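Protein chains: 2
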Amino acid sequence: MSSIKDVAREAQVSIATVSRVFNNPAVVSNQTKTRVYSAAEKLGYTPNFSAKTMRKSIVGTIIVMIPDISNTFFIDIVRGAQDYAETRGYNILMGRFDIHHFDLQKYIKLVKSKAADGIVMAIGHNRHFAPVAEAKGIPIVTIEEEFMGNPYIYVDNFEAISEIVEYLISKKRSQIGFLGFKSERERLLAFKNAITKNNLKYDEELIKKGDEFGEAVYASAREYVEAILKIGKIPDAVVCASDVLAAGVIKWLIKNGLRVPQDVAVTGFDNIEVAELVQPGITTVEQPREIMGREAARLLINKIEGHEVAKKIAFQTRIVVRESA
Amino acid sequence: MSSIKDVAREAQVSIATVSRVFNNPAVVSNQTKTRVYSAAEKLGYTPNFSAKTMRKSIVGTIIVMIPDISNTFFIDIVRGAQDYAETRGYNILMGRFDIHHFDLQKYIKLVKSKAADGIVMAIGHNRHFAPVAEAKGIPIVTIEEEFMGNPYIYVDNFEAISEIVEYLISKKRSQIGFLGFKSERERLLAFKNAITKNNLKYDEELIKKGDEFGEAVYASAREYVEAILKIGKIPDAVVCASDVLAAGVIKWLIKNGLRVPQDVAVTGFDNIEVAELVQPGITTVEQPREIMGREAARLLINKIEGHEVAKKIAFQTRIVVRESA
DNA sequence: CCCTCCTTTGAAAGCGATTACATACATAAA
DNA sequence: TTTATGTATGTAATCGCTTTCAAAGGAGGG
Chain A
1 MSSIKDVARE AQVSIATVSR VFNNPAVVSN QTKTRVYSAA EKLGYTPNFS AKTMRKSIVG
61 TIIVMIPDIS NTFFIDIVRG AQDYAETRGY NILMGRFDIH HFDLQKYIKL VKSKAADGIV
121 MAIGHNRHFA PVAEAKGIPI VTIEEEFMGN PYIYVDNFEA ISEIVEYLIS KKRSQIGFLG
181 FKSERERLLA FKNAITKNNL KYDEELIKKG DEFGEAVYAS AREYVEAILK IGKIPDAVVC
241 ASDVLAAGVI KWLIKNGLRV PQDVAVTGFD NIEVAELVQP GITTVEQPRE IMGREAARLL
301 INKIEGHEVA KKIAFQTRIV VRESA
Chain B
1 MSSIKDVARE AQVSIATVSR VFNNPAVVSN QTKTRVYSAA EKLGYTPNFS AKTMRKSIVG
61 TIIVMIPDIS NTFFIDIVRG AQDYAETRGY NILMGRFDIH HFDLQKYIKL VKSKAADGIV
121 MAIGHNRHFA PVAEAKGIPI VTIEEEFMGN PYIYVDNFEA ISEIVEYLIS KKRSQIGFLG
181 FKSERERLLA FKNAITKNNL KYDEELIKKG DEFGEAVYAS AREYVEAILK IGKIPDAVVC
241 ASDVLAAGVI KWLIKNGLRV PQDVAVTGFD NIEVAELVQP GITTVEQPRE IMGREAARLL
301 INKIEGHEVA KKIAFQTRIV VRESA
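Protein sequences appear in the order of chains A and B.
Letter 30 of the first sequence, counting from 1, is numbered 30 in my numbering, and no numbers are missing.
Letter 224 of the second sequence, counting from 1, is numbered 224 in my numbering, and no numbers are missing.
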């Protein structure tokens, strides 16, 4: 590939002038500018990225880390972040973490070595991270959970779950079960709180906290339905901590001859595509995922560029009513 | 941040020695090595990425471009690519293209400017790309479709659709409809071919090629079901070009009082999570998505590193039978 | 004891750009 | 005409690292 030197020679100017043409065109005369442009064109010149960032302090790349679940929830966050990053001239490097890949250290290293400028960690609720000494001083923004005092974006789970429970109560449901993963503990706490606040019975037998990761969604829903069928205690509503769980529960209820929502109402969480695709459609809680991604990117980039940023930003959820409840 | 110079001073050696310790430790004595290591540790030294790649020809980053649909199909490809890339020490830069973001040029530029080494384009079937002059000479591997003579990974849609049609015939279905997007034209052609090959009637009224992008899945399925209901010609099976379409079709059939699969069998394509979550589960065609992603990354990285690579690699699909057919 | 060879290290060039500083020339002000 | 000011360009230092080449010192062979 041709370098700035080649262009300089071709255009018969110094390399400084060539550099100016691309970075500060205002200061160079029109005549030279055209000479340089056509030389660059002729040689197919593209400025070398590494050389540039070696002199500049900002690289123009941010890392977005998401858990390794094929969950549209996180994908939308990435999309939002990317949309925004683009407008500020930043690229997105995909990061990942799950039980198998706990690579925070690796990404921190990428930032330290100036391969990227900072990290958005889409943590997900109640996945906890021990502080990492090396992470100090590098720009980080998290989603859903605080991490080492860095800014974060979140939604109020307590309020959301509370709303959905109250919605069910308004529909005359009184025996309400809950299904979620352990990692969604906050949603369970919120559920417990909402139940007792409204003077309903918090029935441990109708509660299940799955232990698993990723693939286990389907099995977990099935086990839940089979368990309540076995003890013969059928709730008139089930609050699920995610839409996929809700879809699974609906599937197994119907398979066992129960009607949704007539016999059992089911609610989800997240409002991903699935919620609309299944029959009956799932009543769920919508979180502004893309916007959360955007905001995370915005905060991060502002931080990178040295501006003062908010400590935390909360977003409102919204109940989307479909047929399942 | 501290540089190689600082470490050199701290360890009382030359910068050349420090560099050797990190790149070619075999040639330096144990004594010096330990001195350098502890100096590096003490100063929190991380080699600067840009400086390094300015001297080396390989950056260690590949771009994976996917269409901007929240489709787990593409996400799995990215995951596969990332899994593999990691083992070779490469990172993934997220690229994107859709009607709104046709940014191939931008990514090509990233490669030309040595911010990345090459591109995996997860094109998707029958999305066509006009050749791009600038793309010449840069390492590219595509998925599902050939592009400018570059290597590509694909599955045989013809065979897959043919198999699914024959499976339906074996289940005594004879009036078979098709629903797909325009972009899935090859699957439609394959469908047509399979129908006529088996001496069934290819009935235009039972075929719908949606025009839309992204969000339109749900509406498209609904329109299809309403259309066949209106003309009163109910097929005994519907082949859908994707699982989300199939889920939508099932939903609307059930809503209109039809039974799946008793009245109408429905098949999908891709075997994404949804296929298992809905009731009835969707009989579909599985593509080895992650593996395709891996292979794409492998081909690309080999190409980047100057090895000879295959021209194209085909993968086998597999029918996953569930309840919907 | 001298010569050769090997191991270990340092000096310095160069990768491709940005940018502070200097210079040259033209123009406006005195 | 002389001086001050501004515009356009060039020179050279610098960013952090890799790598070639050379040199120093020790070990082994004759």
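The beta-carbon is built from N, C-alpha and C at its ideal position, and this holds for glycine as well.
Fair warning: this is a prediction, and the values are worked out from it, not measured in the lab.
With DSSP run on the structure shown, which of helix, strand or coil describes residue i?
{"i": "P139 (chain A)", "result": "coil"}
{"i": "K106 (chain A)", "result": "helix"}
{"i": "V234 (chain B)", "result": "Correcting the residue identity first, residue 234 (chain B) is Ile in this sequence and not Val. Coil."}
{"i": "V155 (chain B)", "result": "strand"}
{"i": "E273 (chain B)", "result": "helix"}
{"i": "F129 (chain B)", "result": "coil"}
{"i": "E145 (chain B)", "result": "coil"}
{"i": "G293 (chain B)", "result": "helix"}
{"i": "E286 (chain A)", "result": "strand"}
{"i": "V225 (chain B)", "result": "helix"}
{"i": "G80 (chain B)", "result": "helix"}
{"i": "P261 (chain A)", "result": "coil"}
{"i": "I63 (chain B)", "result": "strand"}
{"i": "I176 (chain A)", "result": "strand"}
{"i": "M1 (chain B)", "result": "coil"}
{"i": "V321 (chain B)", "result": "coil"}
{"i": "I250 (chain A)", "result": "helix"}
{"i": "T267 (chain B)", "result": "strand"}
{"i": "N150 (chain A)", "result": "coil"}
{"i": "V239 (chain B)", "result": "strand"}
Check whether the Cβ atoms of residue i and residue j lie closer than 8 angstroms to each other.
{"i": "I250 (chain B)", "j": "V274 (chain B)", "result": "no"}
{"i": "G80 (chain B)", "j": "R294 (chain B)", "result": "yes"}
{"i": "S113 (chain A)", "j": "N48 (chain B)", "result": "yes"}
{"i": "A241 (chain A)", "j": "E184 (chain A)", "result": "yes"}
{"i": "K233 (chain B)", "j": "E204 (chain B)", "result": "no"}
{"i": "S220 (chain B)", "j": "G281 (chain B)", "result": "no"}
{"i": "I272 (chain A)", "j": "D243 (chain A)", "result": "yes"}
{"i": "I291 (chain B)", "j": "I62 (chain B)", "result": "no"}
{"i": "V111 (chain B)", "j": "I143 (chain B)", "result": "no"}
{"i": "M54 (chain B)", "j": "S29 (chain A)", "result": "no"}
{"i": "V13 (chain A)", "j": "T32 (chain A)", "result": "yes"}
{"i": "A296 (chain B)", "j": "D156 (chain B)", "result": "no"}
{"i": "I92 (chain A)", "j": "Q82 (chain A)", "result": "yes"}
Closest Cβ-Cβ distance between residue i and chain A: below 8 angstroms?
{"i": "R96 (chain B)", "result": "yes"}
{"i": "V244 (chain B)", "result": "yes"}
{"i": "I254 (chain B)", "result": "yes"}
{"i": "M65 (chain B)", "result": "no"}
{"i": "K109 (chain B)", "result": "yes"}
{"i": "I75 (chain B)", "result": "yes"}
{"i": "M1 (chain B)", "result": "yes"}
At a Cβ threshold of 8 angstroms, is residue i touching chain B?
{"i": "G248 (chain A)", "result": "yes"}
{"i": "I92 (chain A)", "result": "yes"}
{"i": "Q105 (chain A)", "result": "no"}
{"i": "Y37 (chain A)", "result": "no"}
{"i": "V78 (chain A)", "result": "yes"}
{"i": "V141 (chain A)", "result": "no"}
{"i": "Y84 (chain A)", "result": "no"}
{"i": "I15 (chain A)", "result": "no"}
{"i": "I176 (chain A)", "result": "no"}
{"i": "K42 (chain A)", "result": "no"}
{"i": "K251 (chain A)", "result": "yes"}
{"i": "I138 (chain A)", "result": "no"}
{"i": "I4 (chain A)", "result": "no"}
{"i": "I169 (chain A)", "result": "no"}
Please indicate yes or no: does the CB of residue i lie closer than 7 angstroms to some heavy atom of the ligand SAM?
{"i": "T284 (chain B)", "result": "The ligand SAM is not among the ligands present in this structure, which contains no ligands whatsoever."}
Handout entry: Meets three-Cβ-pair contact criterion under 8 angstroms: the segment 143-156 of chain A and the segment 173-183 of chain A
Key = A contact between stretches requires three or more CB pairs, one per stretch, nearer than 8 angstroms, and the segment 143-156 of chain A fails this requirement with the segment 173-183 of chain A.
Practice task
Could you run through the segment 111-133 of chain A and flag, in chain order, every residue whose CB is less than 8 angstroms away from some CB of chain B?
Solution key: For chain B, the residues of the segment 111-133 of chain A that bring a beta carbon within less than 8 angstroms of one of its beta carbons are K112, S113, K114 and A115, in chain order.
Exercise for the section: Taking a Cβ distance cut-off of 7 angstroms, strictly less, list which residues of the segment 46-59 of chain B are near chain A, in chain order. Expected result: Answer set for the segment 46-59 of chain B: T46, P47, N48, F49, S50, A51, T53 and M54.
Practice task
Would you list, in chain order, the members of the segment 257-284 of chain A that have their beta-carbon closer than 7 angstroms to a beta-carbon of chain B?
Solution key: The segment 257-284 of chain A vs chain B, Cβ under 7 angstroms: E273, V274, E276, L277, V278 and Q279.
Problem - the segment 286-312 of chain A: positions lying closer than 8 angstroms to chain B by Cβ - result: So nothing in the stretch comes that close.
Exercise for the section: Mind the definition here: the segment 152-169 of chain B touches the segment 303-319 of chain B only if three or more C-beta pairs lie below 8 angstroms; say whether that holds. Expected result: Short answer: they touch.
Handout entry: Residues of the segment 216-235 of chain B with Cβ closer than 9 angstroms to any Cβ of chain A, in chain order
Key = Listed in sequence order: V217, Y218 and A221.
Exercise for the section: Decide if the segment 40-57 of chain B is in contact with the segment 2-18 of chain B; the criterion is three or more beta carbon pairs, one per stretch, under 8 angstroms apart. Expected result: Under the 8 angstroms Cβ criterion, the segment 40-57 of chain B counts as touching the segment 2-18 of chain B, having at least three qualifying pairs.
Exercise for the section: Flag this pair as touching only if the segment 186-203 of chain B and the segment 225-232 of chain B have three or more C-beta atom pairs under 8 angstroms; answer yes or no. Expected result: In this structure the segment 186-203 of chain B does not lie against the segment 225-232 of chain B, because fewer than three pairs of beta carbons, one per stretch, are closer than 8 angstroms.
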